[in-house]
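Take a look at the structure set out below.
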Amino acid sequence: MALSDGSELALQSCEACKSRKKKCDRAFPSCTTCRTKLLRCVYEDTTQSELRKLRGQVDNFNKLLRNGSITTYLPTLGILHVEPPVQYPIPSRWYMPFLLQHLFVIDRELISPSFTRIENSEQDTFPPNTWIRFSLTDPCLFHAVLFAASSHLDVIRREQDNPITQYHRRNTVQLLLSSISESGTVRNSSIAATMYLWHYESMNCHIEEAEIHKKGLQQMVEASGGLEQLGSDGFLAHLITLIDIGDAILNASQPAFTDPASILSPLAPVTLLSERLMRPERELSINGMPLPLLDLLRHVHETTLRFESQMLEDQLRTSSTTGSRARVLRRMSEIFSEDELLSFSETTGNDSFYVACRCAANIHLKSMGQVVPYSSDGNQKLVKQLGLALSQTSKSMWHETEPEIYIWLCFTGAAADQEGKTWFLAKAGPVVMSLKPDELQQFKTGVLRFCQLLQYLEELDL
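Residue numbers for the sequence shown follow UniProt numbering, so the first one is 1 and each next one is one higher.
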């Protein structure tokens with residue numbers, strides 16, 4: 001509550017006077033009118049003020065939506081309903097069911113962030129409801145989950161300074177510090193809350209805060225005996241691994257929680273496209289993808305393997321990057337020409353998904369052919385076209401039928417964009433989380449090799 005200089009008068013009306021549309025005489029701590037009428041006299045606190053402003057924004061937003069002025073990213077109610085009478089571990093707010101719905105549900109038309117593919121089978125190793133129940137056991141973790149959901153929407157909508165996001169961030173940090181100092185032990189709920197803080201501070205480009213939470217998470221995991229010792233049937237470790245991979249792509253670095261040697265084989269011919277291209281021939285075009293587009297994807301896959309071979313050879317030859325770029329560039333020019341990079345043209349079709357594939361392919365081929373970082377200036381026009389094409393892509397079709405290619409597109413944008421990396425990563429997250437267990441091993445291998453390639457190109461450019 002704001003006070004005027006040198007006085008004890010509130011600069012805003014109390015709730016009772018405001019509701020009766022009467023002028024408040026602003027006496028502090030309660031106004032004269034309320035005392036005379038024996039009314040409860042309270043002033044709006046900062047959180048209530050933020051929520052009131054947000055409700056006004058939502059009302060205006062809904063008016064625009066009804067008028068057809070804008071379209072937005074709004075999940076619809078689907079399989080799971082996480083709303084009262086569910087008992088929250090903190091006081092309920094009107095927006096909480098919406099945020100939980102956004103985070104935990106896969107809808108038929110819109111894939112929202114979720115923790116496992118929801119199917120009618122009983123083969124899920126970690127059902128979504130288990131994680132929901134886990135998040136409802138601890139106020140700190142629950143705040144962190146709401147912070148994660150609100151942050152994800154902020155990134156997708158390219159919004160900033162959301163009061164709901166800030167509110168749950170504040171409370172997560174306060175409760176986390178209090179829990180650690182009071183108990184002196186590291187609980188799984190504290191580890192999960194720190195994981196969300198790290199990931200979404202990074203997604204919101206709060207680099208210093210993200211690094212602090214990352215180091216804290218590393219210390220917590222180490223104190224618990226490593227990832228394999230974490231609870232939740234190994235699912236918490238799985239989440240940390242996937243978030244770690246996304247962070248490595250954003251920063252063109254090696255993952256902090258994954259030992260590449262435990263997954264990678266130097267001879268394994270694996271890229272992010274391998275899972276899709278290794279299917280039987282009859283299945284490759286089952287979703288109507290034109291053959292020229294499949295040929296383009298094969299070309300990117302094969303070029304990536306050839307480049308990685310040169311990269312490994314260069315790394316074995318010398319521990320220094322001095323002169324390496326010229327050496328690799330000379331070798332790559334012997335393998336394929338610049339004309340080969342541009343040989344796949346508009347014959348792949350005009351669907352926005354196909355356009356996105358062409359843009360991503362050109363980013364890969366230009367970066368490897370010219371031996372420059374993916375985020376180089378020369379790729380920025382292509383990455384803008386990639387983002388536009390992805391925003392126009394049919395979600396229900398390509399998320400479900402071509403998840404590997406969709407992830408490849410998003411990871412390419414996250415690696416290449418100088419300004420909007422996190423938007424691409426936020427688009428990829430829901431699809432990554434929907435991968436089945438038997439798809440994850442090859443995915444992790446492909447993405448770790450991609451991280452190595454990104455780091456190598458960045459170091460050559462120093």
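All C-beta atoms, glycine included, are put in the ideal place defined by N, C-alpha and C.
Outcome for residue i when other beta-carbon atoms lying within 10 angstroms are tallied against a minimum of 16
i, result
"residue 233", "exposed"
"residue 214", "buried"
"residue 183", "exposed"
"residue 470", "The requested residue 470 does not occur in the structure, where the chain is confined to residues 1 to 462."
"residue 421", "buried"
"residue 460", "buried"
"residue 96", "buried"
"residue 345", "Because the pLDDT at residue 345 is just 48, under 50, the model does not fix this residue reliably, and the value given afterwards should be weighed accordingly. Flag for residue 345 reads exposed."
"residue 308", "buried"
"residue 382", "buried"
"residue 201", "buried"
"residue 101", "buried"
"residue 225", "exposed"
"residue 154", "buried"
"residue 445", "buried"
"residue 87", "exposed"
"residue 365", "buried"
"residue 442", "buried"
"residue 291", "exposed"
"residue 179", "buried"
"residue 391", "exposed"
"residue 151", "buried"
"residue 14", "buried"
"residue 387", "buried"
"residue 361", "buried"
Supposed contact pair residue j and residue i - C-beta distance, whole angstroms, cut 8 Å
i, j, result
"residue 227", "residue 240", "6 Å"
"residue 217", "residue 149", "Contact flag wrong, Cβ pair sits at about 19 Å."
"residue 243", "residue 454", "Residue 243 to residue 454, Cβ: 17 Å. No contact."
"residue 174", "residue 451", "Their Cβ separation, rounded to whole angstroms, is 34 Å, which puts residue 174 and residue 451 out of contact at 8 Å."
"residue 448", "residue 246", "Their Cβ separation, rounded to whole angstroms, is 12 Å, which puts residue 448 and residue 246 out of contact at 8 Å."
"residue 144", "residue 197", "6 Å"
"residue 172", "residue 147", "5 Å"
"residue 136", "residue 189", "Going by Cβ atoms, the distance from residue 136 to residue 189 rounds to 11 Å, so no, they are not a contact pair."
"residue 374", "residue 363", "6 Å"
"residue 411", "residue 389", "The pair is not a contact, with the Cβ atoms about 15 Å apart (cut-off 8 Å)."
"residue 367", "residue 393", "With 8 Å as the limit, residue 367 and residue 393 do not qualify as a contact, their Cβ atoms being about 23 Å apart."
"residue 483", "residue 273", "Nothing about residue 483 can be read from this structure; the chain reaches only from 1 to 462."
"residue 36", "residue 17", "Between residue 17 and residue 36 the Cβ distance is about 12 Å, and since that is not below 8 Å, they are no contact."
"residue 158", "residue 423", "7 Å"
Proximity winner among the options, relative to residue i (alpha-carbon distances)
i, options, result
"residue 236", "32, 195 and 402", "195"
"residue 204", "215, 156, 229 and 372", "156"
"residue 219", "415, 185 and 145", "185"
"residue 414", "310, 252 and 165", "252"
"residue 511", "32, 427, 296 and 139", "Nothing about residue 511 can be reported from this structure: the residues present for the chain run from 1 to 462 only."
"residue 293", "158, 211, 277 and 22", "277"
"residue 275", "187, 405 and 180", "405"
"residue 310", "369, 273 and 296", "369"
"residue 256", "270, 297, 14 and 221", "221"
"residue 416", "385, 440 and 430", "385"
"residue 170", "209, 238, 132 and 32", "209"
"residue 270", "99, 88, 439 and 23", "439"
"residue 132", "165, 93, 192 and 159", "192"
"residue 434", "402, 419 and 160", "402"
"residue 357", "300, 32, 229 and 158", "300"
"residue 231", "167, 187 and 212", "187"
"residue 458", "258, 376 and 41", "376"
"residue 436", "238, 163, 258 and 380", "238"
"residue 371", "163, 23, 160 and 456", "456"
"residue 501", "431, 419 and 418", "The shown model of the chain, from 1 to 462, leaves out residue 501, and the question about it has no answer."
"residue 98", "22, 41, 130 and 164", "164"
Which runs of the alpha helix (DSSP H) fall wholly inside the stretch 133 to 177 and span at least 4 residues, in chain order? 139 to 157
Minimum length 4: unbroken alpha helix (DSSP H) runs contained in the stretch 416 to 457: 421 to 433
Unbroken stretches of the alpha helix (DSSP H), 4 residues or longer, contained in the stretch 229 to 253: 235 to 251
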